[in-house]
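Chemist: Sharing a structure, written as structure tokens. Questions coming.
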Amino acid sequence: MIDTNMKRILDFVENNLTEDFSLSKLANHCNFSTYYCSVIFHRYFGETMKSYMQKRRLLCAAKELKSTNDRIVDIAIKYGYSSQEAFSRAFSDMIGMAPKRFRENPLPIAVYQKNSSPPFQNNENTAMKNETIKNVQGEIERNYPLKTLHILNGLCMLDSFQKNDLMSEKAIYIPFNEAMCWGETNEKIFSTEFIEKRAYSLNSTLEEYKKIVIEPLKPLFDEQFDIIVLWFGDDMFCQMNFITILAYLEQIQFDGDVLFCMAQEQTDNILSDAVEIDIDGYNYIYKAILCDRKKCDAKLLPVTYQAMNLYLCYREKSSDIIRYIKKNLNKENIVEELLTIFPQYGLGDLQYQWMIEEIKKGKAI
Numbered sequence: 001m002i003d004t005n006m007k008r009i010l011d012f013v014e015n016n017l018t019e020d021f022s023l024s025k026l027a028n029h030c031n032f033s034t035y036y037c038s039v040i041f042h043r044y045f046g047e048t049m050k051s052y053m054q055k056r057r058l059l060c061a062a063k064e065l066k067s068t069n070d071r072i073v074d075i076a077i078k079y080g081y082s083s084q085e086a087f088s089r090a091f092s093d094m095i096g097m098a099p100k101r102f103r104e105n106p107l108p109i110a111v112y113q114k115n116s117s118p119p120f121q122n123n124e125n126t127a128m129k130n131e132t133i134k135n136v137q138g139e140i141e142r143n144y145p146l147k148t149l150h151i152l153n154g155l156c157m158l159d160s161f162q163k164n165d166l167m168s169e170k171a172i173y174i175p176f177n178e179a180m181c182w183g184e185t186n187e188k189i190f191s192t193e194f195i196e197k198r199a200y201s202l203n204s205t206l207e208e209y210k211k212i213v214i215e216p217l218k219p220l221f222d223e224q225f226d227i228i229v230l231w232f233g234d235d236m237f238c239q240m241n242f243i244t245i246l247a248y249l250e251q252i253q254f255d256g257d258v259l260f261c262m263a264q265e266q267t268d269n270i271l272s273d274a275v276e277i278d279i280d281g282y283n284y285i286y287k288a289i290l291c292d293r294k295k296c297d298a299k300l301l302p303v304t305y306q307a308m309n310l311y312l313c314y315r316e317k318s319s320d321i322i323r324y325i326k327k328n329l330n331k332e333n334i335v336e337e338l339l340t341i342f343p344q345y346g347l348g349d350l351q352y353q354w355m356i357e358e359i360k361k362g363k364a365i
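So the sequence shown is residues 1 to 365, counted in full-length UniProt numbering.
Okay, structure coming up:
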């Protein structure tokens with residue numbers, strides 16, 4: 001839970017994204033020293049205020065590129081850039097495409113915003129989310145009245161679909177119960193070698209891995225489908241799973257249509273439109289990012305590009321997560337704090353516990 005002082009700081013930052021911001025202005029507003037504002041922000045959120053503001057400004061700019069006809073240079077200046085060129089460089093570095101190209105084809109991007117008040121779960125919010133899911137599925141059924149497989153990112157999402165009566169009788173729903181962002185993998189997805197590496201990486205036996213991961217995917221292996229719909233989130237964890245499934249579909253030469261329905265994990269929303277995905281090239285993307293752990297030069301969805309950058313850095317010694325763990329290693333509630341502070345990674349308590357254990361044992365990360 002964010003304390004009162006941190007809430008004041010965060011609210012001021014959010015309300016001044018288009019202003020000439022400075023630490024001294026923030027300090028005067030909150031009656032703190034500039035040093036205190038800087039330190040407390042980094043302590044709570046694991047990154048500098050400057051880094052956070054740059055990301056938020058670029059994402060707000062992306063929203064305006066999508067929803068307005070304002071000139072790119074005007075949007076750039078509004079969010080603190082001295083020129084359209086400087087804005088374009090920063091925008092491309094963050095989401096992998098230039099502002100002009102994003103405006104022409106505004107593909108999904110990951111939500112990134114620290115909440116002074118976490119999203120409140122109530123019946124109305126849940127009903128709105130469920131209604132969006134039903135509308136998306138209804139649109140898919142009208143446009144693609146064929147045999148459909150829905151692949152959901154994990155058992156929790158499948159349970160939610162079942163609990164809230166979101167499963168169409170005309171389709172099949174299966175979970176992908178993996179954590180591809182952790183450990184080693186193999187180029188040939190779901191092969192014997194792949195299963196062995198993944199089971200070892202996840203501290204599981206082969207039998208457990210097959211039962212939890214492989215068996216639920218049986219319809220994907222055994223049946224023929226015209227449409228496959230992927231329900232995955234916008235965080236790093238979900239996007240690495242997303243890449244893996246797309247690469248597998250390319251490996252088996254799936255020739256049907258593939259649609260992506262994106263969950264916005266930090267706000268607990270679902271995008272109102274499904275995105276059609278071309279699976280060509282995802283085997284290369286999978287090999288580059290997950291097998292070789294290298295930055296991929298192929299065209300990626302902005303949300304996947306953002307996740308790739310997080311994935312390739314999160315276990316390095318200089319990463320925000322590793323530095324935070326080392327500074328707070330002896331805290332009793334460190335796992336809970338990590339889950340709250342770094343939602344963009346989507347890591348679970350198991351991954352954080354393993355990272356903590358490795359650091360305690362002095363293993364290089």
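All C-beta atoms, glycine included, are put in the ideal place defined by N, C-alpha and C.
So is residue 221 buried or exposed if we call it buried at 16+ other beta carbons inside 10 Å?
Modeler: Within the sequence shown, residue 221 is the residue found at index 221, counting from 1. By the 10 Å Cβ count, residue 221 comes out exposed.
Chemist: Would you tell me roughly how many angstroms separate the C-alpha atoms of residue 189 and residue 198, rounded to the nearest one?
Modeler: Locating residue 189 in the sequence shown gives position 189, counting from the first residue. Locating residue 198 in the sequence shown gives position 198, counting from the first residue. Rounded to the nearest angstrom, the two C-alpha atoms are 10 Å apart.
Chemist: Looking at C-alpha atoms only, which residue of 232, 226 and 179 is the closest neighbour of residue 209?
Modeler: Along the sequence shown, one-based indexing puts residue 209 at 209. Minimum Cα distance to residue 209 is reached at 179.
Chemist: Can you name the residues that DSSP bridges to residue 258?
Modeler: On the sequence shown, residue 258 is found 258 positions in, with the first residue counted as 1. Looking at the DSSP assignment, residue 258 forms a beta bridge with 228 and 277.
Chemist: Assess contact between the stretch 128 to 148 and the stretch 105 to 114, defined as three or more Cβ pairs (one per stretch) separated by less than 8 Å. Is contact present?
Modeler: With contact defined as three or more Cβ pairs closer than 8 Å, the stretch 128 to 148 and the stretch 105 to 114 are not in contact.
Chemist: Between the stretch 146 to 159 and the stretch 266 to 276, do at least 3 Cβ pairs fall closer than 8 Å?
Modeler: no
Chemist: Ignore the nearest five residues each way along the sequence and tell me which others in residue 75's own chain have a CB closer than 6 Å to its CB.
Modeler: Counting from one through the sequence shown, the residue named residue 75 turns up at place 75. The answer, listed in chain order, is 61 and 64.
Chemist: Checking 8 Å against the spacing of the C-beta atoms, do residue 232 and residue 263 come in under that value?
Modeler: Position 232 of the sequence shown, counting from 1, holds the residue named residue 232. Position 263 of the sequence shown, counting from 1, holds the residue named residue 263. Going by C-beta atoms, residue 232 is nearer than 8 Å to residue 263.
Chemist: Hey, residue 235 and residue 162: beta-carbon distance below 8 Å or not?
Modeler: Locating residue 235 in the sequence shown gives position 235, counting from the first residue. Locating residue 162 in the sequence shown gives position 162, counting from the first residue. In this structure, the beta-carbon distance from residue 235 to residue 162 does not fall below 8 Å.
Chemist: Going by alpha carbons, who is nearest to residue 282 out of 261, 106 and 254?
Modeler: As a first step, residue 282 is located in the sequence shown; it is residue number 282 there, counting from the start. Among 261, 106 and 254, the Cα nearest to that of residue 282 is on 254.
Chemist: When you compare only the Cα positions, how much space is there between residue 11 and residue 89?
Modeler: Along the sequence shown, one-based indexing puts residue 11 at 11. Along the sequence shown, one-based indexing puts residue 89 at 89. So the two alpha carbons sit approximately 28 Å from each other.
Chemist: Between the stretch 312 to 326 and the stretch 342 to 359, do three or more beta carbon pairs fall short of 8 Å?
Modeler: yes
Chemist: Report the option in 334, 67, 346 and 329 whose CA atom is closest to the CA atom of residue 361.
Modeler: Taking the first residue of the sequence shown as 1, we reach residue 361 at position 361. The shortest Cα separation from residue 361 among 334, 67, 346 and 329 belongs to 329.
Chemist: Among 280, 213, 308 and 249, which has the Cα closest to the Cα of residue 237?
Modeler: What you label residue 237 is simply residue 237 of the sequence shown in a count that begins at 1. Considering only alpha carbons, the answer is 308.
Chemist: May I ask you to report which of helix, strand or coil DSSP gives residue 17?
Modeler: Along the sequence shown, read from residue 1 onward, the residue named residue 17 stands at position 17. Residue state, collapsed to three classes: coil.
Chemist: In three-state DSSP terms, what is residue 189?
Modeler: Along the sequence shown, one-based indexing puts residue 189 at 189. Coil, per DSSP.
Chemist: For a minimum of 4 consecutive residues, which ranges assigned as the alpha helix (DSSP H) are wholly contained in the stretch 124 to 169?
Modeler: Complete alpha helix (DSSP H) runs here, min 4: 155 to 163.
Chemist: Determine the direct distance from the alpha carbon of residue 3 to that of residue 194, and round the result to whole angstroms.
Modeler: The count along the sequence shown starts at 1 and reaches residue 194 at position 194. The count along the sequence shown starts at 1 and reaches residue 3 at position 3. C-alpha separation (whole angstroms): 45 Å.
Chemist: For the UniProt domain "HTH araC/xylS-type" (7 to 105), which segments carrying the alpha helix (DSSP H) assignment without a break, of at least 4 residues, lie completely within its bounds, in sequence order?
Modeler: Within the UniProt domain "HTH araC/xylS-type" (7 to 105), the complete alpha helix (DSSP H) runs of at least 4 residues are 23 to 30, 34 to 45, 49 to 67, 72 to 78, 84 to 95 and 99 to 104.
Chemist: Could you say which of 57, 320 and 138 lies nearest to residue 41 if we only look at CA atoms?
Modeler: If you number the sequence shown from 1, residue 41 lands on position 41. The shortest Cα separation from residue 41 among 57, 320 and 138 belongs to 320.
Chemist: Taking residue 303 and residue 108 to be in contact with their CB atoms under 8 Å, please state how far apart those CB atoms are, rounded to whole angstroms.
Modeler: Within the sequence shown, numbered from 1, the residue matching residue 303 stands at position 303. Within the sequence shown, numbered from 1, the residue matching residue 108 stands at position 108. Confirmed, about 5 Å.
Chemist: Report all residues from its chain with a CB closer than 8 Å to the CB of residue 5; omit the five preceding and five following residues, and keep chain order.
Modeler: Within the sequence shown, numbered from 1, the residue matching residue 5 stands at position 5. So the list reads 30, 32 and 40, once near-sequence residues are dropped.
Chemist: In terms of alpha-carbon separation, which member of 218, 305 and 312 lies closest to residue 291?
Modeler: On the sequence shown, residue 291 is found 291 positions in, with the first residue counted as 1. Closest by alpha carbon: 312.
Chemist: For the alpha helix (DSSP H) that contains residue 302, what are its first and last residues?
Modeler: In the sequence shown, the residue the question calls residue 302 occupies position 302. DSSP places residue 302 inside the alpha helix (DSSP H), whose first and last residues are 302 to 311.
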